[in-house]
Amino acid sequence: MKRFIRIASGQGFWGDWLEAPVRQVEGGPIDYLMLDYLAEITMSILQKQKARDPKMGYARDFVPLMQRILRTCAERGIAVCTNAGGVNPTACRDAVVEVARSCGLAGRARIGVVLGDDLMDRLDDLLARGHRLENLETGEPLERVRDRVQAANAYLGARPLVEALKQGAHVVLAGRTTDTAITYAPMIHEFEWRGDDWDRIAAGIVAGHINECGAQASGGNTGVDWQTIDFVNIGYPIIEAYPDGSFVVTKHAGTGGRVTRATVTEQLVYEMGDPREYITPDGIADFTTIRLDEIGRDRVRVSGIRGRPATQHLKVSIAYGAGYKAVGTLVYSWPDAYAKASAADRTIRGRLERLGLRFDEIRTEIIGAGACHGPLAGEASPDLPEVELRIGVRSATDQPAVERFTREIAPLILAGPPTATGFAGGRPKVEEIVAYWPALILKSEVEPHVRVEVATA
Amino acid sequence: MRMKLLHLAHARSGDKGDTANVGLIALRPEIYPILEREVTAERVKEHFRGICLGPVERFELPNLYALNFLLHNGLGGGGTVSLKTDAQGKTYGAALLRMEIDVPDDVARKLGLSQ
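Read top to bottom, the protein sequences are chains A and B.
The opening residue of the first sequence carries number -15 in this note's numbering; numbering runs sequentially from there.
The opening residue of the second sequence carries number 10 in this note's numbering; numbering runs sequentially from there.
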């Protein structure tokens, strides 16, 4: 057994820095590279792409990335764990196999896929058999929005990923697994942790939580002395994991960013619910047991983590169409920028009312004068050099009303308060609202459908 | 002495649906007990009046010298539904750092804190 393994974070979301994973692979020693591409809402976008083209439906950026790093990964023995498979891991695999062959790795690179998280085709069967898939936030049964569901995926845990690694996969492509699992599956695999070793599993979960948002654990977005951080050359986090469940958060030497107690703590509390129960398919981690020690420059040791047994359920991420929205903006300059933007807002609202248009919400923000912090920001100064009026509408059913709204912004340029500018982007676009419906399902309904396939390129 | 949390803590915030979470972290371990005493769920609810429309829950993480707040119904519908610029509550941590709390003068002196 290896004394320790290094699991590098290369992507915190789809759209994160394209250079980050390359720098993780080339900037120093690592054993695994984890890449997180999927947000809740990404799945519905991918379902739409797959509906248009059965070869699509995965994180497309992943394929050119593989072109850049796969050969080096093979030479250095680095395995890749990712959820880039989206709603079509098989198509993603086919594309990666092509890349492997073009890199001279035919007959050598082994590519694994994890299937079975996608519940879209099973939804009616599940509902018919009495699974209500109630919204965890509102308690409503899924039946209410069934006809508008665009994606439904169970969050799988680490076990299928571990299985793919056991079968010798150099690249493991999953769809909807938990963001944390792609970090700790290598730990379970390398250190042969038992499935009921709850404390070690919990340690893996915490390591995964630290890795899953990329540089947010290594100085990105930090509130402490951010002025002195080199963001240009920022290093992404690396988990140096030990068999006993302890680990060190670090980054490659010579990179920017910073790994301190402060930066790691900031990421630990990010998107935190009840810290005593961070629930995953593989176990529950208690974040109130985490011990942090700064043991060197850009080295934070994490230990003492306690866990509890997993539940019988998996979380299901469901995306459904929930109406339409549009947001328009105009900029107003000094003098009286705030007063002009407010008058423009009243003008638009007055015209919408005369048109008899009704919306579920009309929301106005004046950027530069409290859009983020509202009343906490205090009164707007009359001397503000400029502000941006940002007005948005939303309707669950009335798409034409939202369309009409988008034509009420530009008229303000000539037929409203003075100094309107900043309209070069043209008319705002009507967007479909794809809302998120979290639910639970029994593991016994999903796990028998989970399959792992590992193929040689 | 009245002090802004900005000088006592740092923060990170994010979203879970229509609930915002704000993690408030003491800048030094000795400051944590002051945060625990002063920054109650009730005070945070009051601070975010007009922004957070539901209840506020607080969880303590003394091991990390941190408090975690959940601001329910705080994001105008949340995620993709919300029309807010900050639909993910990314700036709510900074908003909490605007809060002023009482720090006993002798404690402030001992900790070398100044406004």
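A virtual CB, placed ideally from N, CA and C, is assigned to each residue, including glycine.
Think of a sphere of 8 angstroms around the beta carbon of residue 107 of chain B: the chain A residues whose beta carbon falls inside it are 357 and 360, in chain order. Taking a Cβ-Cβ threshold of 8 angstroms, the residues of chain A close to residue 26 of chain B are 121, 420 and 422, in chain order. Here residue 270 of chain A really is in contact with residue 292 of chain A; their C-beta atoms are around 7 angstroms apart, less than 8 angstroms. Using a CB distance below 8 angstroms, the part of the stretch 68 to 84 of chain B facing chain A consists of 68, 69, 70, 71, 72, 73, 74, 75, 77 and 79, ordered along the chain. Assigned with DSSP and collapsed to three states, residue 331 of chain A falls in helix. When rounded, the separation of the alpha-carbon atoms in residue 165 of chain A and residue 407 of chain A is 44 angstroms. Taking 7 angstroms as the CB threshold, residue 19 of chain B lines the interface with chain A. Minimum Cα-Cα distance from residue 366 of chain A among the listed residues A:393, A:358 and A:326 corresponds to A:326. With fewer than 16 other CB atoms across the displayed protein chains lying within 10 angstroms of its CB, residue -13 of chain A is exposed. Of the other Cβ atoms in all chains shown, 16 or more fall within 10 Å of the Cβ of residue 255 of chain A; this residue is therefore buried. Residue-level contact by beta carbon holds for residue 92 of chain B and chain A, with a gap shorter than 7 angstroms. Note on geometry: alpha-carbon atoms of residue 436 of chain A and residue 224 of chain A lie some 27 angstroms from one another. When DSSP states are grouped into helix, strand and coil, residue 422 of chain A belongs to the strand group. Excluding its 5 nearest sequence neighbours in each direction, residue 301 of chain A has C-beta neighbours in its own chain below 6 angstroms: 24 and 137, listed in chain order. Using a Cβ distance threshold of 7 angstroms, residue 267 of chain A and residue 182 of chain A count as a contacting pair. By the CB criterion at 7 angstroms, residue 46 of chain B and residue 109 of chain B fall outside the cutoff. Where residue 115 of chain B is concerned, the enclosing alpha helix (DSSP H) starts and stops at 114 to 120.
The beta carbon of residue 381 of chain A is closer than 7 angstroms to those of 307 in its chain, skipping five residues each way along the sequence. Straight-line spacing of the CA atoms in residue 161 of chain A and residue 373 of chain A works out to 40 angstroms.
Here residue 391 of chain A is exposed. Its C-beta has fewer than 16 other C-beta atoms within 10 Å. Along the stretch 279 to 291 of chain A, there is no position whose C-beta sits under 7 angstroms from a C-beta of chain B. Distance from the CA of residue 92 of chain A to the CA of residue 36 of chain A, rounded to the nearest whole angstrom, comes to 33 angstroms. Residue A:405 holds the alpha-carbon nearest to the alpha-carbon of residue 394 of chain A among A:369, A:405, A:384 and A:352.
Residue 322 of chain A has a beta carbon lying at 7 angstroms or more from every beta carbon in chain B. Neighbours of residue 246 of chain A in chain B, taken as residues at a C-beta separation under 9 angstroms, are given in chain order as 19, 34 and 36. In the DSSP assignment, residue 224 of chain A falls within the beta strand (DSSP E) that extends over 222 to 225. For the stretch 50 to 68 of chain B, the residues whose beta carbon sits under 9 angstroms from a beta carbon of chain A are, in order, 56, 57, 58, 59, 60, 66 and 68. Along the stretch 251 to 279 of chain A, the positions whose C-beta sits under 9 angstroms from a C-beta of chain B are 251, 252, 253, 254, 255, 256, 257, 258, 259, 260, 271, 272, 273, 274, 275 and 276, read in chain order. Residue burial annotation: residue 24 of chain B is buried, with at least 16 other C-beta atoms found within 10 angstroms of its C-beta. Residue pairing of residue 102 of chain B in beta bridges, as defined by DSSP: absent, with no partner found. Within the stretch 284 to 372 of chain A, the beta strand (DSSP E) runs of at least 3 residues that lie entirely inside it are, in chain order, 290 to 292, 297 to 317 and 345 to 351. Here the C-alpha atom of residue 100 of chain A lies approximately 30 angstroms from the C-alpha atom of residue 227 of chain A.
A buried status is given to residue 69 of chain A, since no fewer than 16 other beta-carbon atoms sit within 10 Å of its beta-carbon.
Taken in chain order, the complete beta strand (DSSP E) segments of 3 or more residues contained in the stretch 64 to 122 of chain A are 94 to 99. The beta-carbon of residue 23 of chain B is placed less than 7 angstroms from the nearest beta-carbon of chain A. Your pair residue 22 of chain B and residue 86 of chain B does not check out as a contact, with CB atoms roughly 17 angstroms apart and the cut at 8 angstroms.
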